[in-house]
Amino acid sequence: MSIDVAAIQRRLGVVRNAVSRAAAGRADVTLIAVSKGHVSHAIRAAYEAGQRDFGESYPQEWRTKSQELADLSELRWHFIGHLQRNKTQWVAGQVALHHAVNSLAGLETLARRSSQSGRIQDVLLQVNLAAEATKRGCAPDEIDTYAQALLGAPGLRWRGLMTLPPQDGSARVWFGRLRDLRDRLRSEHQSALHAADCSLDLLSMGMSGDFREAIEEGATHVRVGTAIFGPRGP
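Numbering (my numbering), first residue to last: 605 to 838.
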């Protein structure tokens, strides 16, 4: 499959400039180029233009690409999709950050597999703020139960929260609510977080259409795919 290297690199430059403007001097914002559904050559084109963080959602696709791009020593993989429990061993301890811990059973499996790998896996808890039936993640009233499980999970280091807001034009409101929830957790669980070496400093929120608003509301990680790579193929 042929790709337009120049177009990818040009679009990446536009997005990076927009991220920089929205960050307004903040140095803690990471742009994740969502590469799921795109070929390894497209990832390589973005890497050659300076991009280092890439997001994948399917374990088998990620494994294939990680092998094809093993020569890119500074590439950091983020797993941003739902991880089936029978595929956990493929990801546990292998990615820079797993953004979508979204069930207690999945959390337990990931912790066990990470411990078996001998590595600590950094993770984010996916929060379904609007309790949408079509989306995964813990409900806000379950957050303390998940917090206790994450803080006691061997092999995992809880770094923050992730959300996918409703597509109704109110994204900024939900981004602000996720930030407020994170701040409450840091305050109420301060001692336990410190004991578990969990800083809870990361917020993964915002995609191609709303990453500017997400950054303005405190996002540390934005997940941008279409605006960089163009639409995915059929």
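The C-beta atom is built at its ideal place from N, Cα and C for all residues, glycine as well.
All values reported here derive from a predicted model rather than from experimental measurement.
Within the DSSP secondary-structure output, Q730 pairs in a beta bridge with M766. Around the beta carbon of N706, 16 or more other beta carbons lie within 10 angstroms, which makes this residue buried. Residue pairing of C742 in beta bridges, as defined by DSSP: V731. In the three-state reduction of the DSSP assignment, Q655 falls in the coil class, being assigned neither a helical nor a strand state. Note on the segment 790–817: whole alpha helix (DSSP H) runs with a minimum of 4 residues are 794–799, in chain order. Residue range 747–755 is occupied by the alpha helix (DSSP H) that includes I747.
Closest by C-alpha distance to R630, out of R790, E821, I747, F658, is E821.
Considered as a whole, the segment 625–683 harbours 644–652, 663–672 as its complete alpha helix (DSSP H) runs of no fewer than 4 residues, in chain order. Below 8 Å, enough C-beta pairs join the segment 811–827 and the segment 618–628 to call them touching: three or more. For V695, the uninterrupted alpha helix (DSSP H) segment begins and ends at 692–695. The residue from G659, A757, M809, S774 with its alpha-carbon nearest to that of L782 is M809.
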